[in-house]
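In this note's numbering, the protein residues as written are 9 to 289. For every residue, glycine included, the Cβ atom is placed at its ideal position computed from N, Cα and C. From a predicted model like this one, the values you see are computed outputs, not experimental measurements.
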């Protein structure tokens, strides 16, 4: 299934994308794409529905973040060896963990705000993993049973805020609109192997990132297991799994986003995003 949320910001409704690419309203059977709906039983109930029997959503709709009420937005740094190299850093011996504020989450086509004082706003296309069944101390062998599905995740980063001051990366990762997810949550049964997905990103039509999840240092199963050692993972938590090479910081000379730029990105089978950069009010 391809699950989504549509409508005005803060008032999104749950939906399902049918085989014709049309939005079907799930409001009559689910309050949101969140919480218990993402448990195996909840997804099973949605899978049993006849999409053609659901109300058709007419007209052009804003597509919101594909998951609602996200409790944790976990991210993995330096998870592609070639991206670590372009960053001038060693491949880590274990996953590098950091968080984005959940207030950074935005829709896949919403404007991307360049923060006040920013000089180095950068792009990062990533595979997003959405947790379904709660996970605590799970093995790598059991980890995939806890994944509800996958989405495109854009881990926008302000590099000066991230690495040139003191403290942790989070302050360079958490500005409003720095976490677009979607356009839809593709359930795990539709993704044969999350470690063979092509992902790419373009700015103003120029392709900067062109990679594959097969080159991740730590795969999805390892990441879910590793994270569950340090915190319980709950339905709707999102893990952004790292980015391939081609970020702005790695260009020679570096290239960063500015107001008016248009960013397009996607992951095969999971859809595409597009954001127009604007100056934060």
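Exposed or buried, residue i, counting other C-beta atoms within 10 Å across all chains shown (16 or more means buried)?
| i | result |
| --- | --- |
| residue 171 | exposed |
| residue 111 | exposed |
| residue 49 | exposed |
| residue 212 | exposed |
| residue 61 | exposed |
| residue 155 | buried |
| residue 75 | buried |
| residue 81 | buried |
| residue 226 | buried |
| residue 103 | buried |
| residue 162 | buried |
| residue 64 | exposed |
| residue 17 | exposed |
| residue 92 | buried |
| residue 221 | buried |
| residue 239 | exposed |
| residue 249 | buried |
| residue 260 | exposed |
| residue 38 | buried |
| residue 13 | buried |
| residue 251 | buried |
For residue i, I'd like the list of residues in its chain whose CB is within less than 6 Å of its CB, leaving aside the five on either flank, ordered along the chain.
| i | result |
| --- | --- |
| residue 34 | 22, 23, 24 |
| residue 265 | 129, 285 |
| residue 177 | 106, 170 |
| residue 196 | 155, 157 |
| residue 229 | 148, 151, 152 |
| residue 115 | 71, 72, 73 |
| residue 10 | 25, 192, 194 |
| residue 272 | 210, 282 |
| residue 15 | 21 |
Along the beta strand (DSSP E) that carries residue i, what are the first and last residues, could you check?
| i | result |
| --- | --- |
| residue 81 | 81–85 |
| residue 150 | Note, residue 150: premise wrong, no beta strand (DSSP E); alpha helix (DSSP H) at 148–151. |
| residue 215 | 214–220 |
| residue 21 | 21–25 |
| residue 14 | 10–14 |
| residue 290 | Look at the range of the chain in this structure, 9 to 289, and you will see that residue 290 is not part of it. |
| residue 195 | 193–195 |
| residue 158 | 155–162 |
| residue 182 | Residue 182 -> no beta strand (DSSP E), and no H or E assigned at all. |
| residue 241 | Taken as a continuous stretch (DSSP letters only), residue 241 belongs to no beta strand (DSSP E), as it is neither H nor E. |
| residue 274 | 270–275 |
| residue 71 | It is not in any beta strand (DSSP E) - residue 71 carries neither H nor E in the DSSP assignment. |
| residue 189 | Careful: residue 189 lies outside any beta strand (DSSP E) and carries neither H nor E. |
| residue 246 | 246–248 |
Looking at the unbroken alpha helix (DSSP H) that takes in residue i, where does it start and where does it end?
| i | result |
| --- | --- |
| residue 171 | 167–171 |
| residue 121 | Unbroken run through residue 121 is the beta strand (DSSP E), 120–122; no alpha helix (DSSP H). |
| residue 288 | Run containing residue 288: none; DSSP gives neither H nor E here. |
| residue 291 | No information on residue 291 is available, as it lies outside the stretch 9 to 289 that the chain covers here. |
| residue 231 | 228–238 |
Just to confirm my understanding: we take residue i, look at its own chain, exclude 5 residues before and 5 after, and list those with CB closer than 7 Å. What are they?
| i | result |
| --- | --- |
| residue 77 | 40, 42, 43, 244 |
| residue 67 | none |
| residue 125 | none |
Near residue i, which residues of its chain fall below 8 Å by C-beta distance, leaving aside the five closest residues on each side in sequence?
| i | result |
| --- | --- |
| residue 59 | 24, 26, 27, 32 |
| residue 277 | 194, 198, 199, 205 |
| residue 180 | 165, 166, 167, 168, 169, 170, 171 |
| residue 237 | 145 |
Unbroken alpha helix (DSSP H) runs of length 4 or more, entirely within the segment 32–69: which are they? 48–55
Do the segment 93–106 and the segment 145–157 make contact, defined as three or more Cβ pairs closer than 8 Å? no
When the Cβ atoms of the segment 194–209 are set against those of the segment 238–246, are three or more pairs found closer than 8 Å? no
Touching by the beta-carbon criterion (3+ pairs, under 8 Å), the segment 253–264 and the segment 181–192: no
Could you pull out every unbroken alpha helix (DSSP H) segment of at least 4 residues lying fully inside the segment 95–140, listed in chain order? none
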